[in-house]
Amino acid sequence: MNADRHYAVASILFDYVKSPSLKHLREPHSVHKVSREIMKALDGASSVWKKWGESARRGRTGSGSIWIPVEDLQAFLNTLPGLPLTKTDVEQSLRAI
Numbered sequence: 137m138n139a140d141r142h143y144a145v146a147s148i149l150f151d152y153v154k155s156p157s158l159k160h161l162r163e164p165h166s167v168h169k170v171s172r173e174i175m176k177a178l179d180g181a182s183s184v185w186k187k188w189g190e191s192a193r194r195g196r197t198g199s200g201s202i203w204i205p206v207e208d209l210q211a212f213l214n215t216l217p218g219l220p221l222t223k224t225d226v227e228q229s230l231r232a233i
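Residue numbering for the sequence shown follows the numbering used here, beginning at 137 and increasing consecutively.
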């Protein structure tokens, strides 16, 4: 078991049950909310987009509605902080948008 993943889930669950009123434990909305938080915490570490920094992610999303040659977009995104992106990274990301 990955200790970081275990800690992330335990931390979320501890926050969920620390309320003095435990009535919310049975509310469907609360259960769905905590399950989304757990999934986000677990999926965030293994996301296929983890290579993309925050600046590159914003640039990718903004470029989805306009046409920019992939090579030019790749060159620009690689000037931003984060790991270098390949042409395939950029093409797959644009396809996902």
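Glycine included, every Cβ here is placed at the ideal spot set by N, Cα and C.
A direct Cα-to-Cα measurement between Pro217 and Ser157 gives close to 44 Å. Under the three-state reduction of DSSP output, Ile204 falls in the coil class, being neither helix nor strand.
Here Leu209 is buried, its C-beta having at least 16 other C-beta atoms within 10 Å.
Arg231: member of the alpha helix (DSSP H) spanning 223-232, first to last residue.
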